[in-house]
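Right, one structure below, let's go through it.
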Amino acid sequence: LEAELPDYPLFPSGQLPGGRTLKDEVNAGVADPERHGTVDPIDGTAWRSWFREAEDLAKVPHVKGRAGYGLRRVAVDEAKRLGISREGLKSHGGWTDSQMPDQVYADQEAKYAQEEAQQIRAKIRGENE
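Sequential numbering of the sequence shown, starting at 2, is according to my numbering.
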């Protein structure tokens, strides 16, 4: 799709041609630009099903709420731990502002943030670190 279209869904919905007949082939299922270039992305049910299947294959016990929400929490916490800017955080998650990641997904008691605040307070007070 990338070779033929300027924009396309990363995970298009619908069966890929050859997806059922070539299951053991390396190129099993190939996107058709005319068909898959304009369809909606996969829905949440398919995504959650695939996530559950990945958990089973990895022998990781299922935890309710871990899928999309859990992955967004981990992504936000890790990006913030690595020092991402507010603008970068918005772009990282596709949000229009940083309220959603800050108030919903971010760990409100992140140890790295507490340590950073402690270091800054010490600098302000002129204390040795």
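Even glycine gets a Cβ: it sits at the ideal position worked out from N, Cα and C.
Three-state class that DSSP yields for residue i in the structure shown
{"i": "PRO7", "result": "coil"}
{"i": "PRO13", "result": "strand"}
{"i": "PRO34", "result": "helix"}
{"i": "PRO102", "result": "helix"}
Cutoff 8 Å; reference residue i; Cβ partners in own chain excluding five residues on either side
{"i": "TRP96", "result": "LEU90 and PRO102"}
{"i": "GLU5", "result": "PRO34 and GLY38"}
Beta-carbon spacing of residue i, residue j below 9 Å
{"i": "ASP33", "j": "ARG74", "result": "no"}
{"i": "PRO13", "j": "VAL40", "result": "yes"}
{"i": "GLY69", "j": "GLY45", "result": "yes"}
{"i": "HIS93", "j": "VAL105", "result": "no"}
Residue from the options whose Cα sits closest to the Cα of residue i
{"i": "GLN115", "options": "PRO7, ALA76, LYS81 and HIS93", "result": "LYS81"}
{"i": "GLY84", "options": "GLU5, ALA111, ARG122 and LEU2", "result": "ALA111"}
{"i": "GLY15", "options": "ALA4, TRP48, ARG122 and GLU56", "result": "TRP48"}
Endpoints, alpha helix (DSSP H) assigned at residue i
{"i": "GLN119", "result": "112 to 126"}
{"i": "SER50", "result": "45 to 58"}
{"i": "LYS91", "result": "87 to 94"}
Own chain partners of residue i with C-beta closer than 6 Å, once the 5 adjacent residues on each side are dropped
{"i": "PRO42", "result": "PRO10 and PHE12"}
{"i": "HIS37", "result": "PRO13"}
CB contact below 9 Å: residue i versus chain C
{"i": "MET101", "result": "The structure shown contains no chain C, having only a single protein chain."}
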